[in-house]
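Notes follow once the structure below has been shown.
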Amino acid sequence: MPELPEVETVKRTLKQYLVGRKIIDIKINYDKIIKYDNKRFIDNLVNQTFNDIDRYGKYLIFKFNDYSLISHLRMEGKYFLQNDLKHLTKHDHIIFSLDNNQYLTYHDVRKFGTMELTKKGQEFRLDSLKKLGPEINNPNIDLSKVYNSIKHSNRSIKAILLDQTVITGLGNIYVDETLFKAKIHPETNMNELSFERFKSIIFSAQKVVEKAIKLGGTTIRSYQSSMGVDGRFQNELNVHTLVGKECSVCNSIIKKIRVAGRGTYFCPNCQKKESL
DNA sequence: CAAGGGCCCTGCACGC
DNA sequence: TGCGTGCAGGGCCCTT
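If you count the first sequence from 1, you need to add 1294 to reach the numbering used here.
This is the structure we're talking about:
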């Protein structure tokens, strides 16, 4: 479940190996990953060179000479750089042959990931990117603008923080950890939050994300960021996945409920519902 | 329009 | 042991 910190780790890792490499061939084993036309995807990318790798929210943006490849890892998407194809599995769906005899493979057990091609410079005209809100790790985020757009919403604060069109980058893990740090119940309604309170929650999110990026993201379940790189933020989790364990602050038992359709972990003593 | 639910997909943890 | 069932979830699409 790569969120902004994990995708940032993937970006940094891949960038070291891929910039300057040219794609000489592409094999697609499972084509629902690719949006639109496979043939055009291959024709346009072959002979293109990786010039840079960028990221916006949870999206990776591979920049080539003429095109950009926008990749979303969703739940379990991973890239690996391989010297040969002896260890391919049924989960390796797309294979890029590079000009140094190496292969970049895209591995995705649940096949949820997406890849989308666009002309360079047109990235933010894509439906997927153009509706995204500001990034959570942007220190200059205009919070009064964000707040004014959602202050009357009766959705939960958890649903708001998961909504990528409000602010982008947070997923289920970091929302749970943010709400614990901010000491607020995940089901608290957005319209019960003052601007000051909302700001304090966003600051908590920014601290959580900043630390997670420093530690290379979170490795839980089967998730490794990419190239076998493990994150270390899982050692910093206070509530997520910890149902039945004691709260590190007050020793109450961590609960798990469903909020906004997501498994949600919180401390019932530290995190109370709030109202104006 | 806002909000919520189903869907995509597979592996794994269960219960019997 | 082996089968069936339910669960996990980000974003898109559809319904209310």
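Just so it is clear, CB atoms sit at the ideal spot from N, CA and C, and this is done for glycine as well.
Small disclaimer: the values here were computed from a predicted structure and weren't measured.
query, result
"Validate contact between the segment 1545–1565 and the segment 1486–1504 using beta carbons, cut 8 Å, 3 pairs", "no"
"Of the listed residues Ile1478, Leu1464, Gly1314 and Ile1320, nearest to Arg1334 (C-alpha basis)", "Ile1320"
"Cβ pair Gly1351, Gln1500 closer than 8 Å", "no"
"Range covered by the alpha helix (DSSP H) that runs through Val1440", "Leu1437 to Ile1444"
"Secondary structure of Lys1413, DSSP reduced to three states", "strand"
"CA nearest to the CA of Ile1435, picked from Arg1419, Ile1461, Asp1421 and Lys1424", "Ile1461"
"Reference Ile1451, options Asp1337, Arg1315 and Lys1567, closest by Cα", "Lys1567"
"Identified DSSP bridge partners for Leu1375", "Leu1398"
"First and last residue of the uninterrupted alpha helix (DSSP H) at Phe1390", "Phe1390 -> not in any alpha helix (DSSP H); beta strand (DSSP E) instead, spanning Asp1386 to Leu1392."
"Minimum C-alpha distance to Gly1415 - residue among Ile1389, Gly1465 and Ile1355", "Ile1355"
"Element boundaries [beta strand (DSSP E), containing Ser1498]", "Note, Ser1498: premise wrong, no beta strand (DSSP E); alpha helix (DSSP H) at Phe1489 to Lys1508."
"Within 8 Å, strictly: CB atoms of Ile1454 and Ile1444", "yes"
"Where Cys1564 falls, given that 16 or more other Cβ within 10 Å makes a residue buried", "buried"
"Identity of the residues DSSP links to Val1537 by a beta bridge", "Answer by DSSP bridge pairing: none, since Val1537 is not bridged."
"Sheet register partners of Thr1408 (DSSP bridge)", "His1366"
"Straight-line Cα distance separating Gly1463 from Val1440", "15 Å"
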